[in-house]
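If you count by our numbering, then the sequence shown holds residues 4 to 260, one letter each, in order.
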Amino acid sequence: MKVVILCGGKGSRLSEETQIKPKPMVEIAGRPILWHIMKIYFHYGFNNFVLALGYKGELIKQFFINYNLMTSDVTVYLNSGELDYTNKNSEDWVVSMLDTGLNTLTGGRLHRLEKILRQEGTFMLTYGDGVSDINMRSLLEFHRSHGKLATVTAVRPPARFGGMTIDNSTVIDFTEKAQVGEGWINGGFFVFEPGIFDYLHGDTTVLEGDPMENLAKDGQLVAFKHTGFWQCMDTLRDKEALESIWSESNYSWKIWD
């Protein structure tokens with residue numbers, strides 16, 4: 004099963020870092036937050052990733068192309084150009100990196116991937132800036148149990164994020180970035196059926212706008228309520244909070260060995 008990660012935004016609220024790198028490449032504990040997200044999925048057996056690139060996407064490509072070189076001891080045979088990795092211990096990942104446009108919005112990035120995803124059946128999707136201790140297998144099982152087109156993970160962080168009204172696990176209203184007190188909000192970590200593409204209409208589609216609102220109106224959006232750890236990295240303060248959690252050995256999202 005493919006896991007789509009949206010990696011194309013400019014991350015303007017984290018400009019201290021994103022002036023020189025895309026937000027998914029901002030590091031927590033010496034590794035890009037994107038790597039942390041992929042490790043969470045891989046822990047549950049998901050290793051086929053599709054990265055929807057945009058702003059400074061070449062830096063993400065360089066990271067994975069050079070991954071073995073940067074994480075292993077290496078011997079170079081200059082005459083042939085051959086490389087010998089003497090302690091290679093890379094993750095068993097398949098990473099497809101596709102340019103989805105510099106200014107394409109979230110739903111537009113997914114829309115551009117329709118050709119490679121529609122025939123694949125169920126797929127997962129998340130943003131390239133949030134970590135959680137969510138059980139991905141439980142999320143997938145929950146999605147399959149209700150037979151709807153979309154599952155969104157609902158979490159309870161501060162009120163500056165978008166809110167959802169949920170009735171018996173079915174989302175009946177979806178409003179992005181409203182002040183919602185202590186209500187449930189969009190935490191990413193979606194599971195979709197190919198029918199999601201019928202709700203997407205070009206590069207200017209905001210996934211969290213009309214598509215989610217219409218899925219909710221059609222009774223096709225269901226919430227997986229996650230009460231464990233979840234944290235996105237929108238600002239420098241968020242990055243510092245994640246660094247602090249890691250430095251205190253409180254690896255809330257580090258579910259891998």
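No residue lacks a Cβ here, since even glycine has one placed at the ideal position from N, Cα and C.
Just so you know, these numbers come straight off a predicted model, no measurement behind them.
### Task
Pull up the DSSP beta-bridge partners for residue 78, would you.
Under DSSP, residue 78 takes part in a beta bridge, and its partners are 87.
### Task
Give the single residue among 98, 73, 81, 100 whose Cα lies nearest to the Cα of residue 2.
Given that the chain is displayed from residue 4 to residue 260, the structure contains no residue 2 and the question cannot be resolved.
### Query
Relative to the C-alpha of residue 216, which residue among 234, 235, 175, 197 is closest?
When 234, 235, 175, 197 are compared, the shortest CA-CA separation from residue 216 is found for 175.
### Query
Where do the N-terminal and C-terminal ends of the beta strand (DSSP E) with residue 15 fall, by residue?
Unbroken run through residue 15: none, as it is neither H nor E.
### Query
For residue 46 versus residue 139, is the C-beta distance shorter than 9 Å?
It is a contact, given that the beta carbons lie within the stated cut-off.
### Query
Shortest alpha-carbon distance to residue 136 belongs to which of 4, 97, 230, 241?
Nearest option by C-alpha distance: 230.
### Query
Under the DSSP definition of a beta bridge, which residues are partnered with residue 236?
None; residue 236 has no bridge partner.
#### Entry: Buried or exposed by the 16-neighbour rule on C-beta atoms within 10 Å, applied to residue 147
Residue environment for residue 147: exposed (fewer than 16 other C-beta atoms within 10 angstroms of its C-beta).
#### Entry: Alpha carbon of residue 255 to alpha carbon of residue 43, nearest angstrom
Distance from the CA of residue 255 to the CA of residue 43, rounded to the nearest whole angstrom, comes to 11 Å.
#### Entry: Coil, strand or helix - residue 183 by DSSP
Model confidence at residue 183 stands at a pLDDT of 46, short of 50, so the residue's coordinates are unreliable; what they give is reported in the following sentence. Reduced to three states, the DSSP call for residue 183 is coil.
### Task
Output yes or no for whether 9 Å exceeds the beta carbon distance between residue 292 and residue 226.
Beyond the ends of the chain as shown, which are 4 and 260, falls residue 292; an answer cannot be given.
### Task
Note down, in chain order, each residue of its chain lying with its Cβ closer than 6 Å to the Cβ of residue 173, except the 5 sequence neighbours on either side.
Same-chain partners within the cutoff: 225.
### Task
Taking residue 160 as the reference, give the member of 134, 233, 26, 77 with the closest Cα.
For residue 160, the closest of 134, 233, 26, 77 by C-alpha to C-alpha distance is 233.
### Task
Can you tell me the Cβ-Cβ gap for residue 152 and residue 195, rounded? I've got them flagged as a contact below 8 Å.
Contact holds; Cβ gap of about 7 Å.
### Task
Locate the alpha helix (DSSP H) running through residue 130, then write down its first and last residues.
Where residue 130 is concerned, there is no enclosing alpha helix (DSSP H), although the beta strand (DSSP E) it sits in stretches over 126-130.
### Query
From 110, 248, 239, 122, pick the residue whose C-alpha is nearest to that of residue 209; which is it?
Taking only the C-alpha atoms, the option nearest residue 209 is 110.
### Query
In terms of residues, what are the limits of the alpha helix (DSSP H) holding residue 60?
For residue 60, the uninterrupted alpha helix (DSSP H) run begins and ends at 60-68, by DSSP.
### residue 147, DSSP secondary structure in three states
In the three-state reduction of the DSSP assignment, residue 147 falls in the helix class.
#### Entry: Local Cβ density within 10 Å of residue 259, reported as buried at 16 or more and exposed below that
A residue is called buried once 16 or more other Cβ atoms fall within 10 Å of its Cβ, and residue 259, having fewer, is exposed.
### Query
Hey, how far is the Cα of residue 66 from the Cα of residue 201?
Across the structure, residue 66 and residue 201 are spaced so that their CA atoms are roughly 34 Å apart.
### Message
Below 8 Å, how does it come out for the segment 67-86 and the segment 111-126: are there three or more Cβ pairs, yes or no?
### Response
Result no; under three Cβ-Cβ pairs closer than 8 Å.
### Message
Quick check on DSSP: helix, strand or coil for residue 107?
### Response
Coil.
#### Entry: Backbone secondary structure at residue 71 - three-state DSSP
If DSSP states are grouped into helix, strand and coil, residue 71 belongs with the helices.
### Query
Using a Cβ-Cβ cut-off of 8 Å (strictly less than) and excluding sequence neighbours within five positions of residue 49, which residues of its own chain qualify?
In its chain, beyond the 5 residues on either side, 4, 6, 127, 139 have a beta carbon closer than 8 Å to the beta carbon of residue 49.
### Task
Compare the C-alpha of residue 249 against each of 20, 13, 30, 8 and name the closest.
If you compare the alpha carbons of 20, 13, 30, 8 with that of residue 249, the shortest gap goes to 30.
### Query
Looking at C-alpha atoms only, which residue of 207, 125, 219 is the closest neighbour of residue 105?
When each option's Cα is compared against that of residue 105, the closest is 207.
### Message
Spatial neighbours of residue 21 within its chain, please: C-beta separation below 6 Å, excluding the five flanking residues on both sides.
### Response
Same-chain partners within the cutoff: 14.
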